[in-house]
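Residue numbers (this note's numbering), protein chains in the order written: chain H, 80 to 379; chain G, 469 to 781.
All C-beta atoms, glycine included, are put in the ideal place defined by N, C-alpha and C.
The structure presented is a predicted model; accordingly, all values stated were derived computationally and were not measured.
Note sheet for the following structure.
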Amino acid sequence: MLISPHARDGSNIFLQTGNLTDVLRQMSVVGIIALAMTYVILTAGIDLSVGSTLALSTSLVAMFVVRPGPANLFLHAAFAMGIAVSASALVGVVNGMTIAALGIPPFIVTLASMIGIRGLAKWLTNNENIDIGFGSDAAARFADFVNSKMVILGTFALLAVIFWIVLERTIFGRYVRAIGDNEKAGRYTGLPIRRIKIWVYALAGLLTGIAGVLYAAENHQGNPNAGVAYELDAIAAVVIGGASLAGGSGSIGGTVIGTLIMGILTNILRLKNVDSNVEMMVKAVIIVLAVGIQKSGKKT
Amino acid sequence: MRYSVMVLATACLLASCGGPQQTSGKKYLVAFSQCNNAEPYRAAQNALMTKLFAEKHDVDLVIADAQQDNSKQVAQIEAFIRQKPDLLIVAPNERAPLTEVMGRAYRSGIPVICLERDIVQPNYTTYIKSDNHKIGEMAGNFIVDYLKKKNGVARGNIVELRGLLGVEGEMNRYAGAHEVFSKYPGIRIVHEAVADWIQAKAKDRMTEALRAQPRIDVVYAHNDPMAVGAYLAARELRREKEMIFVGIDGLSGPGGGIEKVHDGILAATFVYPLCVDKAVEVGDRILRDPNLKPEKTYTMDSVLVTPETKRPL
């Protein structure tokens, strides 16, 4: 009774289909980033630059979709999305190459790109939001289409399935896990460690780019200040899902559940009108509890 | 992963199986989505709204703070829509991102009051706004009158400190004043800087202006905190007596612009209406008469505050 949110007519709000899909939609952006973050963390790496990359992606897609482009609306939107997603993937490739080639710790490299890419996004947009209108032009059509719950949830679900299959059913997936488990052993057995690392960070950039496109459509704007602290939300989801920051252990299923826990919790607290500052404190406790329970479970 | 499944299952179970809560009977539920409690103007809005609705006795007011985050505000409004309040009041963080969700609330039959900031489509029952352009004109006229009195003719050097660029308030406070200034060739904006509404930034920008300009008559800041920042910079260089400081917002209470006028720091401020009194008045009428058709827009008037016109703190 303490937890369950009810409308004043006595019906349970949480269980309404509309509310459940609201939750899924609200967490999809972070959820998508968390999928790729799972791979990164499996290799014992970390990617702090995803929040800034998200901002870059929202800015680019908005810039190019409001600009006159190909006459065909679909082509126009696809062109803008393509630029945003490839630029984001490129950020990931550069992260991965710097980490793999120079041997600088991922924390430092992606901390640097977190700062640099934020600057780039702000510079490109002159630190102004780029509004996508509500008319009938390509930009508005793009936002209306991508903003639908079906598209957002579908994208998240599809990517989750793909990332699950790749991790569990392919050699690449096995390599990702092996690197995090024991990089030295991996090197001795001749795993293409550098190539795999570059791929993992490139995927993080790619998925963040896709998340950025969804974010831009949802908010009807490109925003160079979007996504602040999203890297931490994504990392939290992965860790709640049972991954270890030391690498080697973690799964896509766990990450999806970790994302769901965060999303559902926030939703319940909001339906109960809990103060948003208290919400943050509760989140903190949940993160520690979830990881603590898993740790003690593994020991026994 | 096994354990995270357990946590998830527990959370869902708790959320889905409690019995219905004690329904409070005949009380009205009013939900207010505030864009950012951290701004003093917003905090003043919350305080006044809480006070005015508390006087009604049969109204429960719930305030959600979006902490200047569009996505968070959208999610909070979505949660409100599920709760089916009798009235939803929204102070949108930004125009475009909030338009769609407010439309969903409005179409689901919840009366929606849009407070102070506009959205792209009229997805509201009524919109209560202030007129920044008019406030800009009032500030411009006040400054012209002051310069006429000080220098005999409308002539003088002005430093202008601007708010966050691209924001409606900034654009109109700028445009309104400049429409007045442009009629007087003797009035020169000798220095113009952007300080993003923030006192500390305004102090830095003003220090630069003071270094560059040997003679300044008036500092026109787009809000009171920036005017106070400019004053602090001038005082550090012992030039605060040389010029007057004009701000906008005129919040009452400790630390507000009205107090700064009272303390002799600002020569004038213009009250930027909280719009809350009107929102509560119209909102309360809607609660009691769901068929009421209020006007689509209400525009609130500003008031000039100087040491002479001082209002009670």
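Local conformation of residue i per DSSP, three classes
i, result
"T379 (chain H)", "Only weak support is given to the placement of T379 (chain H): the predicted model assigns it a pLDDT of 49, under 50, and the value that follows is read from those uncertain coordinates. Coil, per DSSP."
"M711 (chain G)", "coil"
"M106 (chain H)", "helix"
"Q373 (chain H)", "helix"
"M80 (chain H)", "For M80 (chain H), the predicted model reports a pLDDT of 40, less than 50, meaning its position is unreliable; a value from the coordinates is still stated below. Three-state result, M80 (chain H): coil."
"L556 (chain G)", "strand"
"G301 (chain H)", "strand"
"R256 (chain H)", "helix"
"E638 (chain G)", "helix"
"L482 (chain G)", "helix"
"E262 (chain H)", "helix"
"L781 (chain G)", "Residue placement at L781 (chain G) is flagged as unreliable, the pLDDT there being 47, under the threshold of 50; the coordinate-derived value follows with that caveat. Here L781 (chain G) sits in coil by DSSP."
"I666 (chain G)", "coil"
"I626 (chain G)", "strand"
"S472 (chain G)", "helix"
"T122 (chain H)", "coil"
"D769 (chain G)", "coil"
"S128 (chain H)", "coil"
"K66 (chain H)", "The structure shown has nothing for residue 66 (chain H), since chain H only spans 80 to 379."
"Y652 (chain G)", "coil"
"F548 (chain G)", "helix"
"H659 (chain G)", "strand"
"A689 (chain G)", "strand"
"V588 (chain G)", "coil"
"N98 (chain H)", "helix"
"I578 (chain G)", "coil"
From the options, residue whose alpha carbon lies closest to that of residue i
i, options, result
"L348 (chain H)", "H:I340, H:L339, H:E358, H:M341", "H:E358"
"L133 (chain H)", "H:G195, H:I277, H:G259, H:A315", "H:G195"
"A663 (chain G)", "G:R630, G:E638, G:K651", "G:R630"
"L199 (chain H)", "H:A363, H:D223, H:A166, H:M229", "H:A166"
"K534 (chain G)", "G:V527, G:A645, G:A543, G:E763", "According to the sequence shown, residue 534 (chain G) is Ala rather than Lys. Comparing Cα positions, the closest option is G:A543."
"I587 (chain G)", "G:P758, G:N538, G:H601", "G:N538"
"V317 (chain H)", "H:R104, H:T204, H:D216, H:D126", "H:D126"
"R197 (chain H)", "H:Y309, H:A369, H:V361", "H:Y309"
"L555 (chain G)", "G:F649, G:I545, G:L481, G:S472", "G:I545"
"I211 (chain H)", "H:M106, H:N302, H:T338", "H:N302"
"N514 (chain G)", "G:V527, G:S770, G:I531", "G:I531"
"A668 (chain G)", "G:S650, G:K651, G:N691", "G:N691"
"G124 (chain H)", "H:V240, H:T268, H:A179, H:S375", "H:A179"
"L190 (chain H)", "H:S128, H:L203, H:M116", "H:S128"
"Y592 (chain G)", "G:K602, G:V569, G:G604, G:S598", "G:V569"
"A506 (chain G)", "H:N356, H:V279, H:P184", "H:N356"
"T117 (chain H)", "H:S138, H:M341, H:L282", "H:L282"
"A573 (chain G)", "H:I162, H:A222, H:G97", "H:G97"
"D528 (chain G)", "G:R585, G:A499, G:E605, G:A547", "G:A499"
Cβ separation of residue i and residue j, assumed to be a contact under 8 Å, to the nearest whole Å
i, j, result
"T737 (chain G)", "V744 (chain G)", "At roughly 19 Å, the Cβ-Cβ gap does not stay under 8 Å, so T737 (chain G) and V744 (chain G) are not in contact."
"I611 (chain G)", "V658 (chain G)", "I611 (chain G) to V658 (chain G), Cβ: 13 Å. No contact."
"R707 (chain G)", "L678 (chain G)", "6 Å"
"L782 (chain G)", "A670 (chain G)", "A query on residue 782 (chain G) cannot be resolved here, the shown segment of chain G reaching from 469 to 781 and no further."
"I92 (chain H)", "Q551 (chain G)", "6 Å"
"M176 (chain H)", "S131 (chain H)", "About 18 Å; that fails the 8 Å criterion."
"T287 (chain H)", "A156 (chain H)", "Not confirmed; about 19 Å, so no contact."
"L139 (chain H)", "A217 (chain H)", "Between A217 (chain H) and L139 (chain H) the Cβ distance is about 15 Å, and since that is not below 8 Å, they are no contact."
"V172 (chain H)", "I250 (chain H)", "Wrong, their Cβ atoms sit about 21 Å apart, outside the cutoff."
Beta-carbon neighbours of residue i, restricted to chain H and to distances below 9 Å
i, result
"R706 (chain G)", "Within 9 Å Cβ-Cβ: nothing; R706 (chain G) doesn't reach chain H, min ~35 Å."
Amino acids of chain G, ordered along the chain, whose beta-carbon sits closer than 7 Å to that of residue i
i, result
"L94 (chain H)", "S484"
"G337 (chain H)", "S472"
Cross-chain neighbours of residue i in chain H, by beta carbon under 8 Å
i, result
"T567 (chain G)", "F213, H299"
"L476 (chain G)", "I336, L339, I340, I343"
"R563 (chain G)", "D210"
Proximal residues of chain G, C-beta to C-beta of residue i below 8 Å
i, result
"E207 (chain H)", "L633, G634"
"L350 (chain H)", "A547, R550, Q551"
Amino acids of chain G, ordered along the chain, whose beta-carbon sits closer than 9 Å to that of residue i
i, result
"I314 (chain H)", "Those within 9 Å of I314 (chain H) in chain G number zero; the least Cβ separation is about 15 Å."
"D216 (chain H)", "Residues of chain G passing the Cβ test: none, with the nearest at roughly 14 Å."
"L232 (chain H)", "Ordered by position in chain G, no residue passes the 9 Å Cβ test against L232 (chain H), which lies about 14 Å from the chain."
Partner residues on chain H for residue i, Cβ-Cβ distance less than 7 Å
i, result
"N538 (chain G)", "N298"
"V612 (chain G)", "Under the 7 Å cutoff, chain H gives no residues; its nearest Cβ is about 31 Å from V612 (chain G)."
"Q502 (chain G)", "The contacting residues do not exist; Q502 (chain G) stays about 10 Å from chain H at best."
"C480 (chain G)", "I343"
"V530 (chain G)", "N352"
Inset, instruction - Go through the segment 715 to 748 of chain G residue by residue and report every complete run of the alpha helix (DSSP H) that reaches 4 residues or more, in order. - result: Fully enclosed alpha helix (DSSP H) runs of 4 or longer: 725 to 730.
Inset, instruction - With a floor of 4 residues, list each alpha helix (DSSP H) that falls wholly inside the segment 175 to 236 of chain H, ordered by position along the chain. - result: List check, alpha helix (DSSP H) in window: 185 to 204, 217 to 225.
Inset, instruction - Report the residue ranges of all alpha helix (DSSP H) runs contained in full by the segment 283 to 346 of chain H; include only those spanning at least 4 residues, in chain order. - result: Listed in chain order, the complete alpha helix (DSSP H) runs (minimum 4 residues) inside the segment 283 to 346 of chain H are 309 to 319.
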